[in-house]
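Each remark here refers to the structure printed beneath this line.
Protein chains in written order, with this note's numbering: chain A, 1 to 218; chain B, 1 to 218.
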């Protein structure tokens, strides 16, 4: 498990202005929303958080990856305020550290190296998103759906015989993957028929073994 | 027309270490390659340059936009060296300014504000690419082909009755758009039938009026 020490060693090294007590750690349960307090920025230490941009009834899920390198939540928006409402949902159990925005801004102003590290993290994140969609664009709807299931779930957290339920609706899948809902329906039916997924009460439900079948070679 | 003054006012402001004489300006003709000298970075002042990443026989055209805000060429690769061969081709006539890489690196080290501006430019560029593919993903092949034609050509440079030839092969279009070449063929045939494009000697050829028809509402 990652801890605050990792965050300090890898992201806040050389920063003397703040210490552990500057952060508020908290856990988020699977499928719970991360309620953003405008006065804070957040650092994800463990787990996966999906970012939903709600524009014109579209649920654009931007970042559904396991965030490595202490991905920052709410920092990109400091530089590029969005017109869209953004919400964050924990896909797995998450460990998050909150830092007061004032403190964070002050830190960036005083410490040029830290400022640059923050910016480089944002470049990484944007190119990650770009690569994600570049990978997705040439896939069939069925492959996209498999990819969605695969990246939505971090199977390291699954026990061998545990079932995982994908909480997202078919509409969210469709919007996220750039297909229409009927194609998603068809793809899910076909995947269920070949036993790659189960559908229980309309929700995609998979085991660890099924999850491995969903990993698409990009 | 943009000039070196614009570059200084908008990108190099506050930079006292270099002046106009530090740059080597040059023009690139339409469809010519920008031959990268490893010792330089480049700033695009006028025109459109396409970036091709040659990976596994794929011509991934990453940036085919008109580059606003003095897009930097060869700077992203300083931070994130690519395993892929990258080549640059001028889509329109271009005006480019070259700056010695040593000088550029020194500038970034000495001038924190400039360094941050460079990084913010890279964040912009990556999110631009991400948004481009997010837009593309839900389009049909025909719409993607129209989009390709539309963003490949900057019709401001076209005279009313001038014909513009899209130099890219159908294969490059297919690779760029994430479809297979037969779908591209079909889409082009259909577009020619409805007079949105002409096909002359196998190449897409369009007038200014036809170009306007290609602009896809995303």
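Just so it is clear, CB atoms sit at the ideal spot from N, CA and C, and this is done for glycine as well.
Asked                                                                                                            : Found
With 16 other Cβ atoms within 10 Å as the buried cut-off, status of residue 29/B                                 : exposed
Residue environment, residue 136/A, which counts as buried when at least 16 other CB atoms sit within 10 Å       : buried
For residue 94/A, the residue or residues it bridges with in DSSP                                                : 28/A
With 16 other Cβ atoms within 10 Å as the buried cut-off, status of residue 221/A                                : This structure leaves residue 221/A out entirely; chain A is present only between 1 and 218.
Rounded C-alpha distance that separates residue 192/A from residue 175/A                                         : 21 Å
Environment of residue 133/B [buried if 16+ CB atoms lie within 10 Å]                                            : buried
Residue interval of the beta strand (DSSP E) (run including residue 44/A)                                        : 40-46
For residue 77/A, three-class secondary structure by DSSP                                                        : helix
Bounding residues of the alpha helix (DSSP H) (the contiguous stretch that carries residue 206/A)                : Premise fails: residue 206/A lies in the beta strand (DSSP E), 203-206, not in any alpha helix (DSSP H).
CB contact below 8 Å: residue 147/B versus chain A                                                               : no
Amino acids of chain A, ordered along the chain, whose beta-carbon sits closer than 9 Å to that of residue 170/B : Those do not exist, as residue 170/B stays about 15 Å from chain A at its closest Cβ, beyond 9 Å.
Interface partners of residue 83/A on chain B, CB under 9 Å                                                      : Those within 9 Å of residue 83/A in chain B number zero; the least Cβ separation is about 13 Å.
CA-to-CA distance, residue 20/B to residue 7/A, given in whole angstroms                                         : 43 Å
Nearest residue (CA-CA) to residue 164/B, options 100/B, 84/B, 103/B and 91/B                                    : 91/B
Residue(s) in a DSSP beta bridge with residue 51/B                                                               : 88/B
From 181/A, 45/A, 169/A and 201/A, residue whose alpha carbon lies closest to that of residue 141/A              : 181/A
Helix, strand or coil at residue 180/A according to DSSP, with G and I counted as helix                          : coil
Proximity to residue 72/A [Cα-Cα], best of 201/A, 36/A, 32/A and 109/A                                           : 36/A
is_contact[residue 13/A, chain B] using C-beta, thresh 8 Å                                                       : no
CA-to-CA distance, residue 198/A to residue 34/A, given in whole angstroms                                       : 28 Å
Per-residue burial, residue 126/A [other beta carbons within 10 Å of its own, 16 or more giving buried]          : buried
Identity of the residues DSSP links to residue 100/A by a beta bridge                                            : 40/A
Beta-carbon gap between residue 119/B and residue 22/B smaller than 8 Å                                          : no
Proximity below 8 Å, CB of residue 130/B to CB of residue 130/A                                                  : yes
Inter-residue Cα distance where the pair is residue 159/B and residue 150/B                                      : 16 Å
Residue 198/A - containing beta strand (DSSP E), residue span                                                    : 198-200
Residues that residue 133/A contacts on chain B, provided the C-beta gap is smaller than 7 Å                     : 130, 133, 134 and 137
Residue nearest to residue 194/A in terms of C-alpha spacing, selected from 202/A, 213/A, 208/A and 203/A        : 213/A
Under the three-state DSSP convention, the category residue 111/A falls into                                     : coil
Given residue 86/A as reference, the closest of 179/A, 54/A and 113/A once Cα atoms are compared                 : 54/A
Three-state secondary structure (DSSP) of residue 11/A                                                           : coil
Between the CA atoms of residue 117/B and residue 11/B - distance to the nearest angstrom                        : 8 Å
Beta bridge counterpart(s) of residue 34/A as assigned by DSSP                                                   : 88/A
Proximity below 8 Å, CB of residue 108/B to CB of residue 115/B                                                  : yes
Within chain A, the residues that residue 178/B reaches when beta carbons sit closer than 7 Å                    : 137 and 138
Residues that residue 219/B bridges to, as DSSP identifies them                                                  : Lying before the first or after the last residue shown, residue 219/B is absent from chain B, which here runs from 1 to 218.
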